[in-house]
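Participant: Would you mind keeping the following structure in view while I ask a few things?
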Amino acid sequence: MRQRKIPAVFMRGGTSKAVMFHRHHLPEDESLWPQIFVAVLGAGDATGRQLDGLGGGISSLSKVCVIGPPSRSDADVDYTFVQLSPKSEHVDFSSSCGNMTAAVGPFAVDEGLVVAAGDRVVVRIHNTNAQQLIVSKFPLDEDQAAVDGDWVIPGVSGQGAPVRLEFQHPGGAATGRLLPTGEPINSLDVVGVGPLELSMVDAGNPCVFIAADALGLAGTEMPDVLDSQSELLDRLESIRCSASVAMGISDSIEAAAKIPSIPKVALVSPAQVATTLSGVSIGQSECDVTLRMISVGQPHRAIPVTGSMCTAIAAQITGTLVHRLCRPEVVPDDIRIAHPSGVARVGATVNQQSGKWIAENAVLYRTARRLMDGQVYLSAAKTPGLSAG
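Residue numbers for the sequence shown follow my numbering, beginning at 1192 and rising by one.
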């Protein structure tokens, strides 16, 4: 039986990689999409290596983006993000990915979805997962997205052209509220963990913040160290599921377990000396807060863009754990977050209106690059609902 094939582009966005599809190259029947994406990435691999697909064996390399015409008048393109897991065939449309958002504008320009000319371009992106608008600005090179530049991202080797991303009104992406419980800090009695103080904030993606020392951690542990502690990861998953229910994302622990991508789990600690994955030392004065994030059950090797946005916004909300642990003299709208690959700098505007916290925007810079384009081949046996290509 012949393999099936679909036109696709493989891109890096920030510290993630994804297979990018035009909406019109996929079946009109969206119920067929999950089997396609599982086959494309080789998800559901018991070894977690995804050798029979384009996935990279970790959550940040197991992603799909679908780009199409805008469904709202204030946008230039629609962007749907899909998260997959190396070991599971679960296909999650509930979360968003800020890193891959950096690739959406360049994809749209290079693929002719947005006509661009001159030195710079602005692409207005409608993220369908969160129903939010993101404004992407980046330089052009002969009317195509520029690739070369001097912008450096911790965790990505080399330099690239900067992509400025402004996430407008990012609060309540999944729950409809910046503080889903109405409080900056809560105490939950988590099965297998016990009473625990934590903060639940929904901006970009919903996140649950836990003080690292509450779980006996320093907060500077490397991803492989955290990944080797199965009991710790089980406890963090229990916390995530309990927070999911408390935030109104799920109506039960069992339902929360079936939505592994949100909320993200963040271990927070004060600014401190640490060493990055590349062996570079981060001084205590070079950051304002330290973070280790768990995404789809795996310790992240850097920090998701949406996670950094949520952290920067939480740092400005009085009473949250992030605000409590963040350097007190930090500039309010410019937070430096230490993570395993370096330091992320995020700008955010947060204020209070009638006693209610409002996240106006979050701004950060990424780089992106097209790695390959052509046809992606799918096993006919794994995609029975499709016709041969």
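Even glycine gets a Cβ: it sits at the ideal position worked out from N, Cα and C.
All values derive from a computational prediction rather than experimental measurement.
Going by beta carbon distance, what residues of the same chain come within less than 6 Å of M1211, once the five residues before and after it are set aside?
Facilitator: Along the sequence shown, read from residue 1 onward, the residue named residue 1211 stands at position 20. Closer than 6 Å at Cβ, skipping near neighbours: V1200, M1202, C1256 and F1298.
Participant: Taking 8 Å as the threshold, find out whether the region 1461-1480 comes into contact with the region 1313-1327 through three or more Cβ pairs.
Facilitator: no
Participant: Counting beta carbon pairs with one atom in the region 1358-1370 and one in the region 1537-1556, are three or more of them shorter than 8 Å?
Facilitator: yes
Participant: Is M1413 helix, strand or coil by DSSP?
Facilitator: The sequence position of residue 1413 within the sequence shown is 222, counting from 1. Residue state, collapsed to three classes: coil.
Participant: Please return the same chain residues whose Cβ sits closer than 7 Å to the Cβ of I1344, not counting the five positions on each side in sequence.
Facilitator: For this step, residue 1344 is matched to residue 153 along the sequence shown. Result list for I1344: G1205, T1206, R1557 and T1558, in chain order.
Participant: Take the Cβ of H1530 as the centre, count every other Cβ of all protein chains shown within 10 Å, and call the residue buried at 16 or more, exposed below.
Facilitator: Taking the first residue of the sequence shown as position 1, residue 1530 is located at position 339. Classification of H1530: buried, given that the 10 Å Cβ count is 16 or more.
Participant: State the beta-bridge partners of C1478 as determined by DSSP.
Facilitator: In the sequence shown, the residue the question calls residue 1478 occupies position 287. Per DSSP, none; premise fails for C1478.
Participant: Give a yes or no on contact between the region 1568-1575 and the region 1225-1240, applying the rule of three or more CB pairs nearer than 8 Å.
Facilitator: yes
Participant: Output the boundary residues of the beta strand (DSSP E) element that contains V1382.
Facilitator: Working through the sequence shown from its first residue, we reach residue 1382 at position 191. No beta strand (DSSP E) holds V1382; DSSP gives it neither H nor E.
Participant: In terms of DSSP beta bridges, what is N1396 paired with?
Facilitator: As a first step, residue 1396 must be located in the sequence shown, where it is residue number 205. According to DSSP, residue pairing for N1396 in a beta bridge involves A1394.
Participant: At what residues does the beta strand (DSSP E) containing T1271 begin and finish?
Facilitator: Counting from one through the sequence shown, the residue named residue 1271 turns up at place 80. Run containing T1271: V1268 to L1275, per the beta strand (DSSP E) assignment.
Participant: Any idea what DSSP makes of R1527, helix, strand or coil?
Facilitator: Here residue 1527 refers to the residue found at position 336 when the sequence shown is read from its first residue. In the structure shown, R1527 sits in a strand (DSSP, three-state: E or B).
Participant: If we call anything under 8 Å between Cβ atoms a contact, is V1456 one with V1399?
Facilitator: Position 265 of the sequence shown, counted from the start, is the residue given in the question as residue 1456. Position 208 of the sequence shown, counted from the start, is the residue given in the question as residue 1399. Yes. Within cutoff.
Participant: Specify whether the region 1427-1440 and the region 1379-1393 touch according to this definition: at least 3 beta carbon pairs, one from each stretch, less than 8 Å apart.
Facilitator: yes
Participant: State the DSSP-derived secondary structure class of E1445, mapped to helix, strand or coil.
Facilitator: Mapped onto the sequence shown, residue 1445 falls at position 254. E1445 falls in the helix class under three-state DSSP.
Participant: Out of Q1241, D1220 and I1440, state which residue places its alpha-carbon closest to the alpha-carbon of N1396.
Facilitator: Start at 1 with the first residue of the sequence shown, and residue 1396 comes out as number 205. N1396 has its Cα closest to that of I1440, out of Q1241, D1220 and I1440.
Participant: Alpha carbon to alpha carbon, how far is Q1544 from S1378?
Facilitator: On the sequence shown, residue 1544 is found 353 positions in, with the first residue counted as 1. On the sequence shown, residue 1378 is found 187 positions in, with the first residue counted as 1. Going by C-alpha positions, Q1544 is about 26 Å away from S1378.
Participant: Would G1235 and G1248 be called neighbours here (beta carbons separated by less than 8 Å)?
Facilitator: Position 44 of the sequence shown, counting from 1, holds the residue named residue 1235. Position 57 of the sequence shown, counting from 1, holds the residue named residue 1248. Not a contact, by the Cβ cut-off of 8 Å.
Participant: Are there 16 or more other CB atoms within 10 angstroms of the CB of G1289, so buried, or fewer, so exposed?
Facilitator: Counting from 1 along the sequence shown, the entry for residue 1289 is found at position 98. So G1289 ends up on the buried side.
Participant: If you run the structure through DSSP and keep just helix, strand and coil, what is D1220?
Facilitator: What you label residue 1220 is simply residue 29 of the sequence shown in a count that begins at 1. Correct three-state label for D1220: coil.
Participant: Would you identify the three-state DSSP class for V1257, choosing helix, strand or coil?
Facilitator: The residue you call residue 1257 lines up with position 66 of the sequence shown. Strand at V1257.
Participant: By how many angstroms is the C-alpha of L1331 removed from the C-alpha of R1561?
Facilitator: In the sequence shown, residue 1561 corresponds to position 370, counting from 1. In the sequence shown, residue 1331 corresponds to position 140, counting from 1. Rounded to whole angstroms, R1561 to L1331 spans 14 Å at the Cα level.
Participant: Compute the distance between the beta-carbons of P1208 and L1242, then report whether it is under 8 Å.
Facilitator: On the sequence shown, residue 1208 is found 17 positions in, with the first residue counted as 1. On the sequence shown, residue 1242 is found 51 positions in, with the first residue counted as 1. Inspection of the sequence shows that residue 1208 is occupied by Lys rather than by Pro. Going by C-beta atoms, K1208 is not nearer than 8 Å to L1242.
Participant: Under a three-way DSSP split, which group does P1225 fall into?
Facilitator: Reading the sequence shown from its first residue, position 34 is the one you call residue 1225. The answer is helix: DSSP assigns P1225 an H, G or I state.
Participant: Give me the Cα-Cα distance between L1569 and K1196, rounded to the nearest whole angstrom.
Facilitator: Here the question's residue 1569 lines up with position 378 in the sequence shown. Here the question's residue 1196 lines up with position 5 in the sequence shown. Near 6 Å, if we compare the C-alpha coordinates of K1196 and L1569.
Participant: Would you please state the rounded distance, in angstroms, between the beta carbons of V1314 and D1267? I believe it to be under 8 Å.
Facilitator: Sequence index remark: in the sequence shown, residue 1314 carries index 123 (1-based). Sequence index remark: in the sequence shown, residue 1267 carries index 76 (1-based). The pair is a contact, with the Cβ atoms about 5 Å apart (cut-off 8 Å).
Participant: From this set, R1426, V1567 and I1376, which residue's C-alpha is nearest D1393's C-alpha?
Facilitator: Within the sequence shown, numbered from 1, the residue matching residue 1393 stands at position 202. Of the listed residues, the one whose Cα sits closest to D1393 is I1376.
Participant: Drop a sphere of 10 angstroms on the beta-carbon of R1193, count the other beta-carbons inside from all chains shown, and report buried for 16 or more, exposed for fewer.
Facilitator: Taking the sequence shown and counting its residues from 1, the one referred to as residue 1193 is at position 2. Exposed is the call here.
Participant: Go to V1513, then tell me how far its alpha helix (DSSP H) extends in each direction, as first and last residue.
Facilitator: Along the sequence shown, read from residue 1 onward, the residue named residue 1513 stands at position 322. Run containing V1513: L1512 to L1516, per the alpha helix (DSSP H) assignment.
Participant: Work out the CA separation of L1275 and D1283 for me, nearest whole Å.
Facilitator: Here residue 1283 is taken as the residue at index 92 of the sequence shown, counted from 1. Here residue 1275 is taken as the residue at index 84 of the sequence shown, counted from 1. Whole-angstrom Cα-Cα distance: 6 Å.
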